[in-house]
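Here full-length UniProt numbering is used: the first residue of the sequence shown is 1, the next is one more, and so on.
We treat Cβ as the ideally placed atom computed from N, Cα and C, and that holds for glycine.
Below is one structure, written out as structure tokens; comments come after it.
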Amino acid sequence: MPRSAIVWKQDRIADVPLRRFVGCVGPIEVGSVEYDGTHQLWTWWSPLNDEAWGHAASEVGAKQGFEVWLRGWLEHFRPLLEAG
């Protein structure tokens, strides 16, 4: 997989790191990855599409799964972006 353009920032509360990461491309928040302790899985989702979510056994796997989804979703916009 090519190098990611997504920058993952770990969320914090009162300077305590959480098991939650927000992914941004430039100033735009494109996704989140968070540990679900009840199910012992990492869940990813995107504010770009209500139907975009998935699970993985690890933080890295969730980030990769999200990126695969995002790249596929963005392909639908290629004709629009190349038309200009």
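Per DSSP, what kind of secondary structure is residue 31 in: helix, strand or coil?
-> strand
For the stretch 43-79, which segments carrying the alpha helix (DSSP H) assignment without a break, of at least 4 residues, lie completely within its bounds, in sequence order?
-> 59-75
N-terminal and C-terminal residue of the beta strand (DSSP E) that residue 95 is part of = The displayed coordinates of the chain run from 1 to 84. Any statement about residue 95 would go beyond what the structure contains.
Cβ contact check for the stretch 23-36 and the stretch 56-72: 3 or more pairs under 8 Å | yes
N-terminal and C-terminal residue of the beta strand (DSSP E) that residue 10 is part of | 7-13
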